Amino acid sequence: MTRTGEMVVPPRARFPPPAPVPIRSGSMAGQVHLEFGDRRATIILDNPDRLNAISAEMWEGLTDATVRISGHDDIRAVVIRGAGERAFASGADISQFGESRADASANTAYDSATRRATEALAGLPMPVVASIHGYCIGGGLAVALTADLRIASHDAAFAIPAARLGLGYAARGIAVLLDLVGPSATKEIFFTARRFDARRALDMGLVNRVVERHDLDRAVDEMVDQICSNAPLTLRAVKAAVSELLIEPPDRDLDRVDTMVRECFGSEDYAEGVAAFLEKRRPEFRGR
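Per numbering that gives the first Met the number 0, the sequence shown starts with residue 0, numbered consecutively.
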């Protein structure tokens, strides 16, 4: 893998009250919603009439959502989920391909939009959790792969049907899957283009946990609560270290990680963590 571009973020802002924020909308093209809650943000893929298929407008909306999230220093975790009961996301919206991917030139523009979105999601500095139910196909799986952790319900179904559509799949996208499940499983997913269930996804390491459908929201909330209770500077340093170690050695910026580690030891949170341990109480981390 090679280093991706750095995302420009706006000045930090104070944490807002819980409220849905439409990022990009269009009744025929689906929407991306952004909700802020207690120390967390939730990105919602909302195109239920098309099983949350991701339209060109929604790819742009995902990029916009990350910029909004990066403007709030109180956010410690992000959740990505699909609207409705049937899907996380059933893939890119193929009904738009006649226009958005009509030829090589149009496809380049479309791929640039999807790349911006997935790189922006993967580049978020705080932990990201994908809550997956129902269909998680193609572009939907690409979005799920940008998360650090994936929790799936038993009804989840996964696939990358590129070979059935005859489209090319960018090497950087394959590399993300390869890093996660290895070469053999990656080839199986692409060569067969078949759907596989949550249990198989767990076996190959694609998801971290599988739960009953009615337990999905609770399981995600519990994990996010655990994440949010821990020291955010430590979590960001660990995420940065893992990201750098997945890059080819000549391109790694381990000095950046070392700086983040030093900031942990010089932080108020480190003093609080040690004090809480000695006093046998729960620490109250502030991210500074």
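Every residue gets a Cβ at the ideal spot worked out from N, C-alpha and C, and that includes glycine. If you're wondering where the values come from, they're calculated on a predicted model, not measured in any experiment.
DSSP bridge partner residues for residue 195 (one or two, in chain order): 157
Secondary structure of residue 133, DSSP reduced to three states: strand
Beta-carbon proximity list for residue 252, same chain, < 7 angstroms, skipping 5 on both sides: 243
What first and last residue would you give for the alpha helix (DSSP H) that runs through residue 41? Not the alpha helix (DSSP H): residue 41 falls in the beta strand (DSSP E), residues 39-45.
What span of residues does the beta strand (DSSP E) with residue 206 cover, start to end? Neither: residue 206 is in no beta strand (DSSP E) and is coded neither H nor E.
Taking residue 201 as the reference, give the member of 218, 62, 150, 164 with the closest Cα. 150
I'd like to know whether the C-beta atoms of residue 79 and residue 143 end up nearer to each other than 9 angstroms. yes
Among residues of its own chain, excluding the 5 on either side of residue 266, which ones have a beta-carbon nearer than 7 angstroms to its beta-carbon? 232, 287
For residue 70 and residue 211, what's the separation of their Cα atoms in angstroms? 35 angstroms
What is the DSSP secondary structure of residue 70, counted as helix, strand or coil? coil
Between the alpha carbons of residue 190 and residue 156, how many angstroms are there, rounded? 17 angstroms
Could you check where the beta strand (DSSP E) with residue 148 kicks off and where it finishes? 148-152
Pick from 140, 117, 280, 35: whose alpha carbon is nearest that of residue 67? 35
Taking Cβ positions, are residue 184 and residue 204 nearer each other than 9 angstroms? yes
If we ignore side chains and look at the alpha-carbon of each, how far apart do residue 77 and residue 125 end up? 7 angstroms
Euclidean distance between Cα positions of residue 224 and residue 264: 24 angstroms
Those residues which DSSP pairs with residue 81 across a bridge: 44
Contact check, residue 275 vs residue 281, beta carbons under 9 angstroms: yes
Length of the line joining the Cα atoms of residue 214 and residue 145: 23 angstroms
Quick one: measure Cβ to Cβ for residue 192 and residue 170, integer angstroms, because I've assumed they're closer than 8 angstroms. Residue 192 to residue 170, Cβ: 18 angstroms. No contact.
Which residues bound the alpha helix (DSSP H) around residue 87? Looking at the DSSP string, residue 87 is not in any alpha helix (DSSP H); the run it does join, the beta strand (DSSP E), is 86-88.
Spatial neighbours of residue 216 within its chain, please: CB distance less than 8 angstroms, with the 5 preceding and 5 following residues excluded, ordered by chain position. 130
Rounded Cβ spacing between residue 88 and residue 53 (contact assumed at less than 8 angstroms): 6 angstroms
Using the Cα positions of residue 271 and residue 39, report the straight-line distance between them to the nearest angstrom. 22 angstroms
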